[in-house]
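The block underneath contains the structure these notes are about, expressed in structure tokens.
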Amino acid sequence: MELIQNTPDLSAYLAADEVIDHEHPLVRETAARLTEGVEDSYAYAQAAFEFVRDTIPHSQDSGDLRVTWRASDVLEQGTGICYAKAHALAALLRAEDIPTALCYQLLMQDDGDGHVVHGLVAVRFNGAWHRQDPRGNKPGVDARFSLDGERLAFTPDPQSNELDHPVLYAEPHPVVLGVLKAAPDRPYLWKTLPTAL
-15 MELIQNTPDL SAYLAADEVI DHEHPLVRET AARLTEGVED SYAYAQAAFE
35 FVRDTIPHSQ DSGDLRVTWR ASDVLEQGTG ICYAKAHALA ALLRAEDIPT
85 ALCYQLLMQD DGDGHVVHGL VAVRFNGAWH RQDPRGNKPG VDARFSLDGE
135 RLAFTPDPQS NELDHPVLYA EPHPVVLGVL KAAPDRPYLW KTLPTAL
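So that you can map any letter, position 99 of the sequence shown is 83 in this note's numbering, and since no number is skipped, the others follow by simple counting.
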């Protein structure tokens, strides 16, 4: 699948905004901690990925009812769903000048009743984009950082009308952000998750 930037301006994938707030002190402190002992930007990107994947539980897996959407809040509260974790990873990577995009998949809901949009990121190395999914592993999910073939949490099944959206967004998709901001808690969020972009 060819990944398509929603803007040709690569600097947009380094920008800070209200969601990917990589100028926030907590994001900066976390990034500085993760850079200790890493030899290059590849190693840092893997360390940041594993930090978000492994130390910030997916709120559905952990049973946490809080909804986070701003990167600094995800890091502070230590919880988030796929979109929020993608925002946190994007902020940590952009804090170290690694171009990072937000991207999405359309997957069947866990109960098999309809589809839901799933969020992940893509990082740019050696002139190419590489998708990474920091959702968090669990039985049946084994996502890994990889620049040599994708190791995502989920592989869409076209027979179930699942798909990879090819667009790489410099900012969160408005449908996703609107749902996150409107949700007072995760049970409410679960009822309002986007089913399309």
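Even for Gly, the Cβ is constructed at its ideal location relative to N, Cα and C. The structure presented is a predicted model; accordingly, all values stated were derived computationally and were not measured.
Mapping DSSP to helix, strand and coil, what is residue i?
i           : result
residue 139 : coil
residue 148 : strand
residue 71  : helix
residue 160 : helix
residue 186 : Beyond the ends of the chain as shown, which are -15 and 181, falls residue 186; an answer cannot be given.
residue 166 : helix
residue 177 : coil
residue 3   : coil
With a CB to CB cut of under 6 angstroms and the five nearest residues on each side skipped, what residues in its chain are close to residue i?
i           : result
residue 56  : 5, 8, 10 and 11
residue 177 : 100
Do you know offhand how far residue i's Cα is from residue j's?
i           : j           : result
residue 166 : residue 150 : 26 angstroms
residue 135 : residue 129 : 7 angstroms
residue 24  : residue 98  : 42 angstroms
residue 144 : residue 2   : 35 angstroms
residue 35  : residue 100 : 25 angstroms
residue 117 : residue 175 : 23 angstroms
residue 152 : residue 21  : 31 angstroms
residue -15 : residue 113 : 11 angstroms
residue 141 : residue 122 : 20 angstroms
residue -12 : residue 81  : 20 angstroms
residue 46  : residue 40  : 10 angstroms
residue 159 : residue 102 : 12 angstroms
Taking the alpha-carbon of residue i as reference, which of the options has the nearest alpha-carbon?
i           : options              : result
residue 171 : 18, 118, 65 and 134  : 65
residue 58  : 91, 30 and 14        : 14
residue 79  : 107, 91 and 148      : 107
residue 87  : 40, 94, 157 and 111  : 157
residue 26  : 148, 133, 110 and 49 : 110
residue 43  : 69, -10, 179 and 94  : 69
residue 168 : 53, 102 and 92       : 53
residue 89  : -7, 179, -9 and -10  : 179
Cutting at 7 angstroms between CB atoms, please list the residues of its own chain near residue i, excluding the five before and the five after it.
i          : result
residue 32 : 18, 73, 76 and 77
residue 91 : 99, 100, 102, 138, 140 and 146
residue 93 : 99 and 100
For residue i versus residue j, is the C-beta spacing smaller than 9 angstroms?
i           : j           : result
residue 104 : residue 119 : yes
residue 51  : residue 164 : yes
residue 137 : residue 148 : no
residue -3  : residue 83  : yes
residue -1  : residue 85  : no
Suppose the cutoff is 8 angstroms on Cβ atoms and the five residues either side in sequence are ignored; what does the same chain contact list for residue i look like?
i          : result
residue 48 : 41, 63 and 170
residue 60 : 10
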